[in-house]
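Notes to accompany the following structure.
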Amino acid sequence: MKNYKKMIACLIICSLILVSPLSFLTIKTSATDSEGVKEDLKLSNFKKIVSIPVSEEGIEYTGSAGRSGPEGPNAFDVKGDKVYVLDNVHHRVLIYSKTNGNLIDRIFFPENYWIYNMAVDKAGKIYLFDAGLNSLITILNGQVEVKSLGREVCLEPLSDFGVSEDGPYVVISGEREMKTAILKDKQTSNFVPDSNGTRTLTITEEKKNNMSYDKIMWKLNWENGKVIGGQIFTLTGKIMRFEFPSGFEQGTNRYIGMNGNIVYWKLENKDGISVVGFDSESGKIERAVQIPLDIYYIIPQRHIVIDEGNVYVLVPSEKSVDVLMVTSWQSPEEFIRNTGKYKNENIPNDTIVQSEKSVEKNFSSITNSSISRSQIISTAQNYQWHQWYCNKENYDGSKVANPNWWKRPYFIKSYNTYYYQVPYCWGGFSSLTGFDSEISQGYAAGNVDTSPQHGYVGGTAGVDCSGFVSKCWELASHHSTTQLKSVSMQLGNVGNYSSLKQGDILLTSDHVMLYYTRNANNEYVVYESTTGGYDRVICRGHTYTDLVDNKYEPWRYKYVTDG
C-alpha cells in the first residue's frame, strides 16, 4: 500500500513537471497570437498589395538630426496596375505590380536632388518636385529631364505639389487663403539649358484656393478660429459643402478626390488619419475608415491617393513600407462612435493655462531680457530673405578646419553668384552681420554633415536649428534643443498646440522650429533651419499628424512679450 501511494505521488509530480513548461509555452503563444490579432484588427479594412522591407535592397530612412523628422519614402502614386513609391535615400522610384506585389523596375534620378513630392500622370510619366531647389524632374521611358524656376521665385510656404491633366502645379499657403500656381516650360520649343544644364520653368497662371489632381478646387471652412468643414468647386461650377464631425478641428484636413457620388476627405486627430466619404448630394458621411497613427514611422507628403475608384494608403512603418488598399468601410455610426472621444480635444488644459499665467506674472517686471513676438518673427524673416554672394572659397570649403566633417548644402550649386537665405550649418550660431563677415573671409557656406561625433566645424558659416532659434530669441549663446528648455515653459503635451503664438517653438530632442501661424489649410507654418534638401532657413507648413508622429512639444520663451 505504501509503495502504491509512492507510485501515485511520483506520477503526480512527473505530470506537474511536464505540464508546467507546456502551460508556459501555451500562455506565451497565446500572447503572441493576440498581438498579431490586435495588429490585424487595426488594419482590418485594408488589403496589403505591396510590402517593401526597410533595408539597403528595399527602402531606407534618413536620421532625424538637423531636420523635422526622419524622411525617405515621402510619396507614392498608383496608376493602373503599377504602384510607384519614392525612395529618396537611394535617389530612385520603385515600381511594383499592383496585382502580385512584385518589383517591376527601379528608376533613378540625379543624386543632387531631394524630392519633396511625386505624382504620376495617366501616361506613366513621373513628376518629381524638389522644393529646396524649385526644380521639376520628369521621367518617361528612361529619359530624365530637369527644369527649374529662377532663384528669385519664392514658393514658400509650399503646401502641395501635384499633376492634373493640364500638367504640374504647386499650392502655396497663405494665412487667409491658398493659391495654386500652374507650372509650364518657359518656351515651348528650342530650349536653352542654363549653366547647371537644366531647362527653365515658369509660373503661367495662378488660381485662388487649392487644386487637386482632378482639377477640382477646394478650401477649408473656418468658424471662430476652428476648422468646421470644407467645400469643393466642381468643374461645372457647383459648390459642395461638407461639415466635419467634432474632434478634427486641429487636423490638417484636405480633399482627396471623388468617385461617383462619394467625395473623399482626409481628416486628422490625435488618434490618426481618417478617410471619410461624404455623399455629394446630402453632404452626410456615407463611409469612413481609420488609419492608426501608431503604425506610422513617418507621415509622407503624399500618402492617400485614389485610382480607378479605389483608395490607396502609403504606410511607412519601422520595418517595412506598405501600400494598402481599402477593401471595406466603417458605417457612419461606427465612425462617429470611435471618434467621439476627441470632441473636447481643443479645450486648453487648466494646469497649462495656470502655469502660463504664473510665468507671465513672475516675469512681467523683467525688461532687460525681454523680446517681443514681432521682433522674433522679424529676425526669422531676415534670415529667410537674406541675400549673400558665394565665392569659390565659400563653395569649395577650402578653409574648413576639418574637410572630412564638412558637406556642402544641396542648394549651393555654383559660385560667383548670389543666393538667398542663410544656409544650415551644424552647430552654427552666426548673426546676420557675422555671417556676412565670415563669408567675406572665405568661410564655407553652411555644413550639412550632422554626424553626432562632432559639433561645430571651424571655418563654416550659418545656423543650425537651435542656433537659429537662439538668435531669434536674442540669446547670448548657442542653446541646444535640450538647453532651450531651461529658458522656456512648456505649453502642453504632444498634440496640444492650441496655445501656440508667434515666436513660440515646436521642440523635440533632435530639432526645433519657430512657430508662425496656422494657414488656411490648417497647416502649422514655421520658420526653421533644416536639412532634408532645403539646407537653409525656410518657411513651411507641417501637418498636425506629422507634428504628433514626430512628438513635437509646444514651448514658450520665458521672457517673450505680446508686442
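The sequence shown lines up with residues -25 to -1, 1 to 538 when you count with mature numbering (1 follows the signal peptide of the UniProt record, and there is no 0). Glycine is no exception: its CB is placed at the ideal position from the N, C-alpha and C atoms.
**Report entry** Extent of the continuous beta strand (DSSP E) run through T520
**Finding:** The sequence position of residue 520 within the sequence shown is 545, counting from 1. Counting along the chain, T520 falls outside any beta strand (DSSP E), though it belongs to the alpha helix (DSSP H) covering Y519 to D524.
Query raised in the report: Which residues in the same chain have their Cβ closer than 6 Å to the Cβ of V146, if we skip the five residues on either side of it in sequence?
Result: If you number the sequence shown from 1, residue 146 lands on position 171. Result list for V146: S134, D135, M153, T155 and N185, in chain order.
**Report entry** Ranges of the beta strand (DSSP E) found wholly within the stretch 479 to 538, counting only runs of at least 3
**Finding:** 480 to 482, 487 to 493, 499 to 505, 511 to 517 and 528 to 532
Query - Selected residue, minimal CA-CA separation from F104, among A98, I203 and L130 - result: Working through the sequence shown from its first residue, we reach residue 104 at position 129. When each option's Cα is compared against that of F104, the closest is L130.
Query - Helix, strand or coil at P291 according to DSSP, with G and I counted as helix - result: As a working mapping, residue 291 is identified with position 316 in the sequence shown. P291 falls in the strand class under three-state DSSP.
Requested in this report: Kindly indicate which residue of R383, I274, E140 and K533 has the alpha-carbon position closest to the one of F51.
Outcome: In the sequence shown, the residue the question calls residue 51 occupies position 76. Selected option, being the one with the closest Cα: I274.
Query raised in the report: DSSP on residue 551, reduced to helix/strand/coil?
Result: Absent from the structure is residue 551, since the part of the chain shown begins at -25 and ends at 538.
Query raised in the report: With burial defined as no fewer than 16 other Cβ atoms inside 10 Å of the residue's Cβ, what is the status of Y393: buried or exposed?
Result: Taking the first residue of the sequence shown as 1, we reach residue 393 at position 418. Exposed, since its Cβ has fewer than 16 Cβ neighbours within 10 Å.
Requested in this report: From the DSSP output, in three-state form, read off K460 for me.
Outcome: Counted from its first residue, the sequence shown places residue 460 at position 485. Correct three-state label for K460: helix.
Query raised in the report: In whole angstroms, what is the alpha-carbon distance linking I513 and V423?
Result: For the purposes of this step, residue 513 is identified with residue 538 of the sequence shown, where counting begins at 1. For the purposes of this step, residue 423 is identified with residue 448 of the sequence shown, where counting begins at 1. Each residue's alpha carbon lies about 15 Å from the other.
Query raised in the report: Do you know offhand how far R312's Cα is from Q305's?
Result: The sequence position of residue 312 within the sequence shown is 337, counting from 1. The sequence position of residue 305 within the sequence shown is 330, counting from 1. Answer to the nearest angstrom: the Cα atoms are 11 Å apart.
Query raised in the report: Quick one: Cα of N366 to Cα of Y390, how far?
Result: Position 391 of the sequence shown, counted from the first residue, corresponds to residue 366. Position 415 of the sequence shown, counted from the first residue, corresponds to residue 390. One C-alpha to the other measures close to 5 Å.
Query raised in the report: With burial defined as no fewer than 16 other Cβ atoms inside 10 Å of the residue's Cβ, what is the status of F83: buried or exposed?
Result: In the sequence shown, the residue the question calls residue 83 occupies position 108. Exposed, since its Cβ has fewer than 16 Cβ neighbours within 10 Å.
**Report entry** Reference residue 584; option with closest CA among I114, E86 and R81
**Finding:** Not covered by the structure: residue 584. The range shown for the chain is -25 to 538.
Query raised in the report: Are G421 and I387 touching if we call contact CB-CB under 9 Å?
Result: As a position in the sequence shown, residue 421 is number 446, starting the count at 1. As a position in the sequence shown, residue 387 is number 412, starting the count at 1. In this structure, I387 lies closer than 9 Å to G421 by Cβ.
**Report entry** Per DSSP, the bridge partner or partners of D62
**Finding:** The sequence position of residue 62 within the sequence shown is 87, counting from 1. Answer by DSSP bridge pairing, in chain order: R67.
Query raised in the report: Per DSSP, which one or two residues make a beta bridge with N236?
Result: By 1-based counting over the sequence shown, the position of residue 236 is 261. Looking at the DSSP assignment, N236 forms no beta bridge with any residue, so it has no partner.
Report task. Specify, as a first and last residue, the run of the alpha helix (DSSP H) that I191 falls within. Result -> Looking up residue 191 in the sequence shown gives position 216. First-last for I191: undefined, no H or E at that position.
Requested in this report: Starting from the N-terminal side, write out each stretch of the beta strand (DSSP E) that is 3 residues or longer and does not extend beyond the stretch 227 to 271.
Outcome: 229 to 234, 237 to 244, 247 to 254 and 260 to 267
Report task. Could I get the ranges of all uninterrupted alpha helix (DSSP H) runs contained in the stretch 374 to 459, with 4 residues as the minimum, in chain order? Result -> 407 to 415 and 440 to 447
Query raised in the report: Where does the unbroken alpha helix (DSSP H) through T37 begin, and where does it stop?
Result: For the purposes of this step, residue 37 is taken as the residue at position 62 of the sequence shown. Where T37 is concerned, there is no enclosing alpha helix (DSSP H), given that its DSSP letter is neither H nor E.
Query raised in the report: In or out: K382 buried (at least 16 other Cβ within 10 Å) or exposed?
Result: The residue you call residue 382 lines up with position 407 of the sequence shown. By the neighbour-count rule (16 or more Cβ atoms within 10 Å), K382 is buried.
**Report entry** Cutoff 7 Å; reference L242; Cβ partners in own chain excluding five residues on either side
**Finding:** Taking the sequence shown and counting its residues from 1, one reaches residue 242 at position 267. F219, F223, G226, N228, S249 and V251, listed in sequence order.
Query raised in the report: Below 9 Å between beta carbons: does that hold for S303 and S26?
Result: By 1-based counting over the sequence shown, the position of residue 303 is 328. By 1-based counting over the sequence shown, the position of residue 26 is 51. Contact flag unset, no.
Requested in this report: Could you check which residue in N196, Y502, T177 and K182 has the C-alpha nearest to that of L124?
Outcome: What you label residue 124 is simply residue 149 of the sequence shown in a count that begins at 1. The shortest Cα separation from L124 among N196, Y502, T177 and K182 belongs to T177.
Query - Nearest-angstrom Cβ-Cβ length linking G403 and D371, presumed shorter than 8 Å - result: Translated into the one-based positions of the sequence shown, residue 403 becomes position 428. Translated into the one-based positions of the sequence shown, residue 371 becomes position 396. At roughly 18 Å, the Cβ-Cβ gap does not stay under 8 Å, so G403 and D371 are not in contact.
Requested in this report: Using three-state DSSP, classify K54 as helix, strand or coil.
Outcome: Taking the sequence shown and counting its residues from 1, the one referred to as residue 54 is at position 79. Residue state, collapsed to three classes: strand.
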